[in-house]
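Chemist: Mapping the sequence shown onto the UniProt record's numbering, position 55 (from 1) lands on 55, and the numbers just tick up by one. After the structure tokens below, expect a handful of questions from me.
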Amino acid sequence: MKKCEYVKMHLLEDSHFWFVGKRFFIKTYLDKITSKISTILDIGSGTGGTTKLLEKYGKVIGIEKNSFAQSLSKKRGLEVVKGKAEKLPFKKNSFDLVTILDVLYHRDIKNINKVIKETSRVLKPKGFILITDSAFSFLQGNHSSFVYEKRRFTVSELKKILYKNGFITTNDSYVYFSIFPFVFLKRTIIDLFFKSNKSDVSAFPKIVNLLLISILRLESLLLNYVKLPIGSSLIILGQKHE
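Structure follows, in structure tokens:
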């Protein structure tokens, strides 16, 4: 991710509808397993906004490859170590939960299976893995080049990878279903004719931002009852077999 994107993330992730919505979705899934988790590893913790949420569920350690992002997350008082997702500097059976939140899409991830195997190694028996990531390759657009996006996924693709590496899926869904038409329009049509010199992450008018937050809050409540059929991102909660 470009340095300017980390700066924007740090400035906006507490209030921007997309980041707030992401935390709503994560909370919906984690609230189902609160009693089963106390030690958490956040892989690719970025600038720390979501890692801060995870502190409500237990002791959290973040791991981040980018030194600049790591320095920003430490300003939040978070414990973050430098390292790579494909070679985690932790002992076997160390954590109840490992989160991989919008990480696997990145061009620096060379081997997704290796990341999942490493996650399994550091998880305790019957530990949990929570993944959020970008959905559907047809949504790649101008934004992708700014955040170093190499790939996007379907739920079924990631579920197959998890199963192959010893996980069962307990919950999964697409998310940002409620704003999907706008994302689709932006990425597949507008981006074809209007090239931008910045990513899609930018400040919105306050009233629009608050409206979108309210919509995504309702969507997160809906996740308690149904799997959403489409969305610009996805969320999967899995559990280690043994």
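For each residue, glycine too, the CB sits at the ideal point set by N, CA and C.
If you draw a straight line from the alpha carbon of LEU216 to that of LYS117, how long is it in whole angstroms?
Modeler: The residue labelled residue 216 in the question sits at position 216 within the sequence shown. The residue labelled residue 117 in the question sits at position 117 within the sequence shown. One C-alpha to the other measures close to 32 Å.
Chemist: If you reduce the DSSP assignment to three classes, tell me which class PHE136 lands in.
Modeler: Translated into the one-based positions of the sequence shown, residue 136 becomes position 136. If DSSP states are grouped into helix, strand and coil, PHE136 belongs with coil.
Chemist: Which partner residues of GLU13 appear in the DSSP bridge assignment?
Modeler: What you label residue 13 is simply residue 13 of the sequence shown in a count that begins at 1. Bridge partners of GLU13: none, in fact.
Chemist: Any idea what DSSP makes of GLU242, helix, strand or coil?
Modeler: Taking the sequence shown and counting its residues from 1, one reaches residue 242 at position 242. The DSSP-derived three-state label of GLU242 is coil.
Chemist: Run the CB neighbour count on LYS132, radius 10 Å, all protein chains shown included, and call it buried at 16 or more, exposed below.
Modeler: Here residue 132 is taken as the residue at index 132 of the sequence shown, counted from 1. The question names Lys, but residue 132 in the sequence shown is Thr. With 16 or more other Cβ atoms within 10 Å, it is buried.
Chemist: Please return the same chain residues whose Cβ sits closer than 7 Å to the Cβ of PHE124, not counting the five positions on each side in sequence.
Modeler: Position 124 of the sequence shown holds residue 124. Contrary to the premise, residue 124 reads as Lys rather than Phe in this sequence. Around LYS124: ASN93, PHE95 and ASP96.
Chemist: Rounded C-beta distance between LEU72 and HIS16? I'm assuming under 8 Å.
Modeler: Position 72 of the sequence shown, counted from the start, is the residue given in the question as residue 72. Position 16 of the sequence shown, counted from the start, is the residue given in the question as residue 16. Taking 8 Å as the upper bound for CB-CB distance, LEU72 and HIS16 are not in contact here, some 15 Å apart.
Chemist: SER202 and LEU139 - do their beta-carbons sit closer together than 7 Å?
Modeler: Working through the sequence shown from its first residue, we reach residue 139 at position 139. Working through the sequence shown from its first residue, we reach residue 202 at position 202. Against a cut-off of 7 Å, the Cβ pair of SER202 and LEU139 comes out as no contact.
Chemist: Can you list the alpha helix (DSSP H) stretches of 4 or more residues lying completely in the segment 162–220, in chain order?
Modeler: 180–185
Chemist: Among GLU13, VAL20 and ARG121, which residue has its Cα nearest to the Cα of ILE213?
Modeler: The residue given as residue 213 occupies position 213 in the sequence shown. Of GLU13, VAL20 and ARG121, the residue nearest in Cα terms is VAL20.
Chemist: Just mark VAL226 as buried or exposed, buried being the case when its beta carbon has 16 or more other beta carbons within 10 Å.
Modeler: On the sequence shown, residue 226 is found 226 positions in, with the first residue counted as 1. The residue is exposed, with fewer than 16 neighbouring Cβ atoms inside 10 Å.
Chemist: So, helix, strand or coil for LEU101, using DSSP?
Modeler: Start at 1 with the first residue of the sequence shown, and residue 101 comes out as number 101. Correct three-state label for LEU101: strand.
Chemist: So who's on the other strand from ASP42, going by DSSP bridges?
Modeler: Walking along the sequence shown from the start, residue 42 turns up at place 42. ASP42 is bridged by DSSP to GLY62 and THR99.
Chemist: Measure the alpha-carbon distance for ILE40 versus PHE167 and round it to whole angstroms.
Modeler: By 1-based counting over the sequence shown, the position of residue 40 is 40. By 1-based counting over the sequence shown, the position of residue 167 is 167. Near 17 Å, if we compare the C-alpha coordinates of PHE167 and ILE40.
Chemist: Keeping to the same chain, check which residues put their C-beta closer than 7 Å to that of ARG121; ignore five residues upstream and five downstream.
Modeler: For the purposes of this step, residue 121 is identified with residue 121 of the sequence shown, where counting begins at 1. Excluding sequence neighbours, ARG121 sits near LYS92.
Chemist: Comparing alpha-carbon positions, which option in SER220, ASN142 and GLU149 lies nearest PHE184?
Modeler: As a first step, residue 184 must be located in the sequence shown, where it is residue number 184. For PHE184, the nearest C-alpha among the options comes from ASN142.
Chemist: Output the distance between the C-alpha atoms of PHE194 and SER145, rounded to the nearest integer angstrom.
Modeler: For the purposes of this step, residue 194 is taken as the residue at position 194 of the sequence shown. For the purposes of this step, residue 145 is taken as the residue at position 145 of the sequence shown. In this structure, the alpha-carbon of PHE194 lies about 15 Å from that of SER145.
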